[in-house]
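Going by this note's numbering, the first residue of the sequence shown is number 1000, and it counts up by one from there.
Cβ atoms here follow ideal geometry from the backbone N, Cα and C, with glycine treated the same way.
Here the structure is a predicted model, which means the values were calculated and not measured.
For reference, the structure is listed below as structure tokens.
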Amino acid sequence: MSRRNMSQRLEKRSDRLRLGRVQSSTSRCTEEKGCTTPSFGSSSYCVNPKLEPLLIPIPFFGVTHSEYYCILFSWNYSIGNFTWYLSLSFKGRKQTKSTPRKVIDVEPEPEPDPDRISCLPGHVIDQILTYLPIREAVRTSVLSKKWRNKWYTLPNLVFDRQCLSAAAYEDTLVIQMKFLKIVNSVLLHHSGPINIFKFSMCAPIDESLVSDVDQWILYLSRKSIKELVLDVCTEELYKIPWCLFSCQSLHHLKLHFCCLKPPTLFKGFRSLKSLDLNHVAVAQDAFENLISGCPLLEKLKLTEVGGFAQIDICAPNLKFLEIHGEYEGINFNNTFQLATLVIDLWWDFNFENSNQGRSRGHSSNMLKFFDHRPHIQCLVIRSCFLKYLTAGVLPKKLPTPCMDLSHLSLSINFDDLKEISAALCLLRSSPNLRKLEIFKEIEVHTVPLTPAAYCWEKIFSAPAMPIRVRHVTIDGIFGNKLELDFIKFLLLYSPVLEKMTVKPVENFIPELMRGLIRFKRASGEAEVILEDFT
């Protein structure tokens, strides 16, 4: 049947046929509502509610690419003829006779994995940031919105060489300016308290940039900072601004290459527990007022602190003291809690007689040094300090033994009789000694007061005084007779000795060194180990 004839027949049966246009795929025939007449208020037309329709897609002229016509027809048993009507429905694509209609099952998209980084609790993120260098902490802002600008509230700020990746060809001044710019930017954006601030510049800072450091300290003084580490290397020592002395919240202070000039009304840091001064210049009276003005001070470390030759320390709660430098002597006042003491003096103590170099008002430096220090547990003596202790009367044994001393480390010049006598005095006065370390100290200008051979013959002939040491390490010896006599003494008078390790400075071991294994031993459990030089 041609398309024109079909249209004519449809026009003749207009009383039975209705043409309809459906505007959407969800529009339905009004036959569900029981309609038998056209419903002009809806977007479809119907004729008979009794029909059971069949929808057949047929292309039709004038249809756009996104539409197609369908003929819905069925047999009407009551009328006995066909009822036709057309409907227009929107579909996703054009359908043709040659293209069958396909039904595609679209699988639902899987839910994306949860963002575990963003789901972390805030306190966990803060903890992670504390373990990162400041440069990497700033980069975490790109991870997610929750991490963005989280570094603004970092309580611990550490600025060192890890913060800066400078090219090898860059000028030193350019690197310094870039480094200081990073610090300025971080402090500008920072919000909240700052507990720790550490700044360490590997290269000397130009004098024109020192004002930036002054501004940092002023800013930190208003942040209730608890720990400050400042390593500022300049042509001249960096002068600490007065605003630092107002930081009464400080618990730990570490200064390198600085000059300290406290204001006249400065009364000390009342909360300070640890003080570390390295290459710092300070007047003696200012230093003494600083130490005495820190009643809670527990740890003190001094390395080449200039401005005085005699060290006077008064700190009732001091437990750890380490001193390196050129000083004529050390005086302790009210340091009964001192447990660990490391002293490395470089002063040339060449005493012509036993009274030279003796502390004022005392007959013996040894007795004065160990007076009122009953709780010392670890004693490390380096360089010339053992010689300093030999000034004045040198007893064979201290009147008050060091009951808590368990670790003793000494640098000894075996050519000096008095140093050997001082070392033996300490060994006899330490009944609970567990570990002994001996390092050979070379002193080219020392002339023994007594021939060494006669010294050891006198010691071996004296009544035995046992030494309660368990582990001994002797390092840096050459294996001469004086050194072997000292080893022989330790083996002979150490009844509880468990292990002795000998480390020569050269791989060549003379026959005298090989003979040490034949020395008599007071302890049957003593093990002697001779390490090769490497």
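Between the alpha carbons of residue i and residue j, how many angstroms are there, rounded?
i       : j       : result
LEU1119 : GLY1305 : 51 angstroms
PRO1132 : SER1210 : 25 angstroms
ARG1244 : GLY1267 : A small correction: the amino acid at residue 1244 is Phe; Arg does not occupy that position in the sequence shown. Straight-line Cα distance between these residues: approximately 8 angstroms.
THR1500 : GLU1526 : 8 angstroms
SER1547 : LEU1388 : Here the chain covers residues 1000 to 1533 and nothing more, so residue 1547 does not appear.
MET1176 : ALA1202 : 12 angstroms
LEU1426 : CYS1232 : 43 angstroms
LEU1409 : LEU1295 : 30 angstroms
GLN1283 : PHE1477 : 42 angstroms
LYS1434 : LYS1238 : 43 angstroms
LEU1393 : ARG1517 : 32 angstroms
CYS1242 : SER1220 : 7 angstroms
GLU1226 : ILE1195 : 5 angstroms
GLU1524 : PRO1400 : 26 angstroms
VAL1279 : ASP1343 : 17 angstroms
GLY1121 : VAL1185 : 21 angstroms
SER1273 : PRO1261 : 18 angstroms
GLY1391 : GLU1325 : 21 angstroms
ALA1421 : SER1522 : 24 angstroms
VAL1173 : GLU1206 : 14 angstroms
Quick one: what does DSSP say residue i is sitting in, helix, strand or coil?
i       : result
PHE1413 : coil
LYS1502 : strand
TYR1237 : strand
PHE1384 : helix
LEU1535 : Because the chain in this structure spans residues 1000 to 1533, residue 1535 falls outside the shown range and cannot be described.
VAL1379 : strand
ILE1466 : coil
GLU1526 : strand
GLY1514 : helix
VAL1046 : Residue placement at VAL1046 is flagged as unreliable, the pLDDT there being 43, under the threshold of 50; the coordinate-derived value follows with that caveat. Coil at VAL1046, not helix or strand.
LYS1396 : coil
PHE1335 : coil
ALA1280 : strand
CYS1232 : coil
ILE1476 : strand
GLU1436 : strand
ILE1116 : coil
For residue i, count the other beta carbons within 10 Å of its own beta carbon; 16 or more makes it buried, fewer makes it exposed. Which is it?
i       : result
ILE1116 : exposed
THR1263 : exposed
GLY1514 : exposed
ALA1308 : exposed
ARG1147 : exposed
THR1129 : exposed
ARG1372 : buried
ILE1528 : exposed
PHE1335 : exposed
ASP1484 : buried
MET1365 : buried
SER1493 : buried
LYS1149 : buried
VAL1504 : exposed
GLU1440 : buried
LYS1395 : exposed
ASP1531 : exposed
LEU1271 : buried
LYS1519 : exposed
Quick check: residue i and residue j, are their CB atoms within less than 9 angstroms of each other?
i       : j       : result
SER1382 : LEU1407 : no
TRP1346 : GLU1327 : yes
LEU1249 : PHE1265 : no
LEU1236 : ILE1193 : no
ASP1275 : LEU1259 : no
SER1190 : TYR1151 : yes
LEU1432 : ILE1466 : yes
LEU1397 : CYS1377 : no
LYS1502 : HIS1470 : no
GLU1297 : HIS1323 : no
ALA1338 : ILE1310 : no
LEU1481 : PHE1413 : yes
MET1181 : LEU1163 : Contrary to the premise, residue 1181 reads as Ile rather than Met in this sequence. Contact: yes.
VAL1468 : LEU1491 : no
GLU961  : LYS1386 : Residue 961 lies beyond the range of the chain shown here (1000 to 1533); nothing can be said about it.
PHE1158 : LYS1222 : no
ILE1224 : PRO1240 : no
VAL1212 : LEU1187 : no
For chain D, find out if any of its Cβ atoms is closer than 9 angstroms to the Cβ of residue i; answer yes or no.
i       : result
ASP1415 : Judged by its chain identifiers, the structure shown contains no chain D, having just a single protein chain.
Alpha helix (DSSP H) runs wholly inside the region 1296-1322, at least 4 long, in chain order: Complete alpha helix (DSSP H) runs here, min 4: none at all.
Sequence ranges, beta strand (DSSP E) only - wholly within the region 1136-1164, length at least 3: Unbroken beta strand (DSSP E) runs of no fewer than 3 residues, entirely contained in the region 1136-1164, are found at 1155-1158, following chain order.
Ordered list of beta strand (DSSP E) runs contained in the region 1181-1212, each at least 3 residues: Taken in chain order, the whole beta strand (DSSP E) runs of length 3 or more contained in the region 1181-1212 are 1195-1199.
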